[in-house]
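K.L.:
Numbering (the UniProt record's numbering), first residue to last: 1 to 362. Built from N, CA and C at the ideal position, the CB exists for glycine as well. Please read all numbers here as calculations on a predicted model, not as lab measurements. Please find one structure pasted underneath; my questions will follow.
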Amino acid sequence: MKKIERIHHILSEFDKESYRKSLIHWFKKEQRVLPWRENQDPYRVWVSEIMLQQTRVDTVIPYFNDFMAKFPTPEALADADEQDVLKAWEGLGYYSRARNLQNAVREVVETYGGVVPADPEELGNLKGVGPYTKGAILSIAYDTPEPAVDGNVMRVLSRILHVEDDISKQSTRKLFEGLVSELISEEDPSSFNQGLMELGALICTPKTPSCMLCPVQNYCRAFDKGIETELPVKSSKKKQKKSPYLLLLVQKENGEVLIEQRPNKGLLASLWQYPMVPLQDVDKESVLNWFYGEYGVKIELGESVDRIKHVFSHLIWEMEVIKVKVKEGSLDHERAKFIKPDDMDDYPFPVSHQKAHPYISQ
DNA sequence: TAATCGTGGGA
DNA sequence: TTCCCAAGATT
């Protein structure tokens, strides 16, 4: 069956007008008070949507407030140093979001005079603005009836409309975009889209939905059949690979500590860290030679002070934290340097490396 | 299409 | 502990 036929098939016998009226009424009454809902400033909406990608509301709130205080306008963010933006993002994760956001904001300032585009194509071409974020900005900031399909929307609608497609597949998101396009309120697309998401966050939750409190329970085909917890269908992801490291706290007599900046692309891009020895590639006996080859500094291993685990989406670092004394040699490494412990607050670190901070002696 | 890209909270 | 999850985008 063609997609458009399938959409019409799914929506046949469904009372769209009544459904959106109930959803919007509920949202206007029950929506949470959130800092990015104070107004419709497209820049604030944009920043909030980027931060909220794969990230909980409670986690985002303080970051959002701090970020808007530091970078209140597109111009302010465009003019900022990337390191300062990363520092404001420290601990939030998915750091390419910060880099892409700043790059896109710079394009908005240079190309669009600092006005966030209301044109779908222009907006969607900005770095970091994908199908969901584009729809969210267009509907929330500009009251444009565009679908904004995130995990909440797919969960809610898969239950309401009894859709069994695997939501971890990209093609499924497109199906839901088609469904939302037919369902969305032309009068208040903002409340409709936000209502779907708010319902998913507060009522139609993944594990134990509060169907007895649901404002659209009457419309829910999954509830009618008693299969709400079976939906949505989502293929499970494989578990992470573990890789062992030594994390070296290299400190000179004068107290200075060795840190290095990670590559500008990839995992934790451009963040700073303590030197890490990959124990897959280097056995423990040759660590000293390996280190001398990398950094041009001869060292002496000290005591092991902790073990730190860093769990990512797709891998796990298992790090043994070791204190290290500097014997001789001058530092020869493009992205590494010795800094005073007091200056560490200036550098964005991965959360796992922040846990090693207390072992730096003053 | 499937991997990559963080982190913290809750069941 | 382990697993899943949370307002996804990029490659």
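How is methionine 197 classed by DSSP in three states: helix, strand or coil?
P.N.:
Here methionine 197 sits in helix by DSSP.
K.L.:
Quick one: what's lysine 207 bridged to in DSSP?
P.N.:
DSSP, once it has assigned bridges, lists no residue as partnering lysine 207.
K.L.:
From Phe338, Asp306, Leu179 and Trp272, pick the residue whose C-alpha is nearest to that of valine 297; which is it?
P.N.:
The shortest C-alpha separation from valine 297 is found at Phe338.
K.L.:
For leucine 179, is the classification buried or exposed, using 16 other Cβ atoms within 10 angstroms of its Cβ as the cut-off for buried?
P.N.:
Leucine 179 comes out buried.
K.L.:
Within the same chain, show all residues whose beta-carbon is closer than 7 Å to that of lysine 70, passing over the 5 residues directly before and after it, in chain order.
P.N.:
Excluding positions up to five away in sequence, the list reads Ala88.
K.L.:
What's the call for histidine 314, buried or exposed, on a 16-neighbour Cβ count within 10 Å?
P.N.:
Its Cβ having fewer than 16 others within 10 Å, histidine 314 is exposed.
K.L.:
Apart from the five residues on each side of it in sequence, which residues of its chain come closer than 7 Å, Cβ to Cβ, to tryptophan 46?
P.N.:
If we look at tryptophan 46 and ignore the five residues flanking it on each side, its Cβ neighbours are Val116 and Ile137.
K.L.:
Going by beta carbon distance, what residues of the same chain come within less than 6 Å of proline 348, once the five residues before and after it are set aside?
P.N.:
Here the set comprises Leu86, Lys87, Glu90 and Leu271.
K.L.:
For the region 169 to 189 against the region 209 to 229, do three or more pairs of beta-carbon atoms, one drawn from each stretch, fall closer than 8 Å, so that the two count as touching?
P.N.:
The region 169 to 189 vs the region 209 to 229: no contact.
K.L.:
Quick one: which unbroken beta strand (DSSP E) runs of 3-plus residues sit fully inside the UniProt domain "HhH-GPD" (51 to 202)? Chain order, please.
P.N.:
Taking only runs of at least 3 residues, no beta strand (DSSP E) segment lies wholly in the UniProt domain "HhH-GPD" (51 to 202).
K.L.:
Rank Gly151, Glu13, Ala356 and Pro244 by C-alpha distance to the C-alpha of valine 233 and give the top, closest one.
P.N.:
It is Gly151 whose Cα lies nearest to the Cα of valine 233.
K.L.:
Would you identify the three-state DSSP class for phenylalanine 349, choosing helix, strand or coil?
P.N.:
It is coil, neither helix nor strand.
K.L.:
With distances taken Cα to Cα, identify the nearest neighbour of histidine 333 among Leu258, Ala78 and Cys220.
P.N.:
When only C-alpha atoms are compared, the closest one is Leu258.
K.L.:
Please say whether serine 181 and proline 145 have beta carbons closer to each other than 9 Å?
P.N.:
Contact: yes.
K.L.:
Indicate the three-state DSSP secondary structure (helix, strand or coil) for valine 287 in the structure shown.
P.N.:
If DSSP states are grouped into helix, strand and coil, valine 287 belongs with the helices.
K.L.:
What does a CB cutoff of less than 7 Å around cysteine 204 pick up in its chain, not counting 5 residues either side in sequence?
P.N.:
These residues qualify, in order along the chain: Arg155, Val156, Arg159 and Cys214.
K.L.:
Kindly indicate which residue of Glu164, Met68 and Gln53 has the alpha-carbon position closest to the one of proline 131.
P.N.:
Out of Glu164, Met68 and Gln53, Gln53 has the C-alpha closest to the C-alpha of proline 131.
K.L.:
Taking the Cβ atom as the reference point for each residue, do valine 321 and aspartate 306 lie within a distance shorter than 9 Å?
P.N.:
Against a cut-off of 9 Å, the Cβ pair of aspartate 306 and valine 321 comes out as a contact.
K.L.:
Taking C-beta to C-beta, are alanine 356 and tyrosine 274 nearer than 9 Å?
P.N.:
Cβ atoms of alanine 356 and tyrosine 274: closer than 9 Å.
K.L.:
If contact is defined by three or more beta carbon pairs under 8 Å, each pair taking one atom from either stretch, is the region 118 to 135 in contact with the region 100 to 109?
P.N.:
Output reads yes: the region 118 to 135 touches the region 100 to 109.
K.L.:
Cβ atoms of histidine 162 and isoleucine 227: under 9 Å apart, would you say?
P.N.:
Yes.
K.L.:
Please classify glycine 135 as buried or exposed, where buried requires at least 16 other C-beta atoms within 10 Å of its C-beta.
P.N.:
Counting Cβ neighbours within 10 Å, glycine 135 comes out buried, since at least 16 surround it.
K.L.:
Just to confirm the assignment: which complete beta strand (DSSP E) runs, minimum length 3, are found wholly within the region 253 to 283?
P.N.:
Qualifying beta strand (DSSP E) stretches, in chain order: 257 to 261 and 276 to 278.
K.L.:
If isoleucine 24 and arginine 97 are in contact, beta carbons under 8 Å, what's the gap, nearest whole angstrom?
P.N.:
Between arginine 97 and isoleucine 24 the Cβ distance is about 30 Å, and since that is not below 8 Å, they are no contact.
K.L.:
In the DSSP output, what is tryptophan 317 paired with across the bridge?
P.N.:
DSSP lists Ser243 and His310 as partners of tryptophan 317.
K.L.:
Output the boundary residues of the beta strand (DSSP E) element that contains alanine 336.
P.N.:
Where alanine 336 is concerned, the enclosing beta strand (DSSP E) stretches over 336 to 339.
K.L.:
Please state if the CB of tryptophan 317 and the CB of serine 236 are separated by a distance shorter than 9 Å.
P.N.:
It is not a contact, given that the beta carbons lie outside the stated cut-off.
K.L.:
Can you tell me which of the three DSSP states glutamate 328 falls into?
P.N.:
Residue state, collapsed to three classes: strand.
K.L.:
When the distance is taken between beta carbons, is valine 153 closer than 9 Å to leucine 248?
P.N.:
No, Cβ-Cβ distance for leucine 248 and valine 153 is not below 9 Å.
K.L.:
Looking at isoleucine 299 and serine 352, is the spacing between their C-beta atoms short of 9 Å?
P.N.:
Taking 9 Å as the Cβ cut-off, serine 352 and isoleucine 299 do not qualify as a contacting pair.
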